[in-house]
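*Asks:* Can you keep this structure in mind? I'll have questions shortly.
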Ligand SMILES: *Cc1c(COP(=O)(O)O)cnc(C)c1O
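Numbering (the working numbering), first residue to last: 3 to 228.
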């Protein structure tokens, strides 16, 4: 399993390099977030041994059960919380995450502000935009996004680093990525988290700076235990 993860990582890094070259972008401008949700700690360790340091988890509880321990051995490990975040998990998210990619509503801004005080640290933040207007998905609706980003910048200043989106599965992702890129330009935000296993090359062509890849590194996800 460990060999397979190392091979998959090498293959993804290669494809990222090629996509950067094709887009005329520097490889150093795109970071790979290895999405390890539902996968056991051994899989994360295999990726760490293969040189990967940046990880994404979408549930705070699960992230808390894996990563604080791993940080002892790998102090340069970085963790992103990438899933819809409940307000009652905000304090713990502030404690364990380097970046929260899913800021999407005023109540969560308030909870993160309070949680950061409690935790004594405030992670960097990305605003998640629901570019496809899907009711079941987290993210601020795109009609409200500009106002929400402006308000978040007021509240958190430089801690707001950029934007994140997950396009609808059954649509061409490129227009969604482009919309997010334009939105980030309007607000002068440097970070664009977009692209997953199926579409990260398209995202790189549209200026993604973070690609979140799970299945193509760790294989298909086991059923979550909760
Ligand atoms: C699970 C997940 C990913 C990774 O998806 P894959 O298709 O497995 O690469 C990326 N982003 C978010 C927000 C996720 O929840």
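Each residue gets a CB set at the ideal place from its N, CA and C atoms; glycine is no exception.
(1) Determine the direct distance from the alpha carbon of residue 87 to that of residue 118, and round the result to whole angstroms.
(2) Taking the alpha-carbon positions, what's the residue 51 to residue 64 distance?
(3) Using a C-beta cutoff of 8 Å, does residue 181 count as contacting chain C?
(4) Report the option in 114, 83, 78, 203 whose CA atom is closest to the CA atom of residue 99.
(5) Can you name, in chain order, every residue of its own chain whose Cβ lies under 6 Å from the Cβ of residue 224, other than the five neighbours on each side?
(6) If you reduce the DSSP assignment to three classes, tell me which class residue 145 lands in.
(7) Just tell me which of 120, 138, 191 has its CA closest to the CA of residue 94.
(8) May I ask you to report which of helix, strand or coil DSSP gives residue 160?
(9) By the DSSP assignment, the beta strand (DSSP E) with residue 127 in it spans what residues?
(10) Measuring only the C-alpha atoms, how far is residue 137 from residue 34?
(11) With DSSP run on the structure shown, which of helix, strand or coil describes residue 7?
(12) Using 7 Å as the cut-off, classify the Cβ of residue 80 as near or not near the heavy atoms of ligand 1, replying yes or no.
(13) According to the neighbour-count rule (16 or more other Cβ atoms, all chains shown, within 10 Å of its Cβ), is residue 38 buried or exposed?
*Replies:* So, from the data block:
(1) Taking the first residue of the chain shown as 1, we reach residue 118 at position 116. Taking the first residue of the chain shown as 1, we reach residue 87 at position 85. Their backbone Cα atoms lie some 14 Å apart in a straight line.
(2) Walking along the chain shown from the start, residue 51 turns up at place 49. Walking along the chain shown from the start, residue 64 turns up at place 62. About 21 Å.
(3) You won't find chain C in this structure, because it holds only one protein chain.
(4) In the chain shown, the residue the question calls residue 99 occupies position 97. Measuring from the Cα of residue 99, the nearest candidate turns out to be 83.
(5) For this step, residue 224 is matched to residue 222 along the chain shown. Cβ within range, chain order: 40.
(6) Within the chain shown, numbered from 1, the residue matching residue 145 stands at position 143. Residue 145 falls in the helix class under three-state DSSP.
(7) Here residue 94 refers to the residue found at position 92 of the chain shown. Per the Cα distances, 120.
(8) The residue labelled residue 160 in the question sits at position 158 within the chain shown. Note: residue 160 maps to helix in three-state DSSP.
(9) Indexing the chain shown from 1 puts residue 127 at position 125. That run of the beta strand (DSSP E) goes 126-132.
(10) Locating residue 137 in the chain shown gives position 135, where the first residue counts as 1. Locating residue 34 in the chain shown gives position 32, where the first residue counts as 1. Each residue's alpha carbon lies about 28 Å from the other.
(11) Within the chain shown, residue 7 is the residue found at index 5, counting from 1. Helix at residue 7.
(12) Position 78 of the chain shown, counted from the start, is the residue given in the question as residue 80. Residue 80 Cβ: outside cutoff for every heavy atom of ligand 1.
(13) Position 36 of the chain shown, counting from 1, holds the residue named residue 38. So residue 38 counts as buried.
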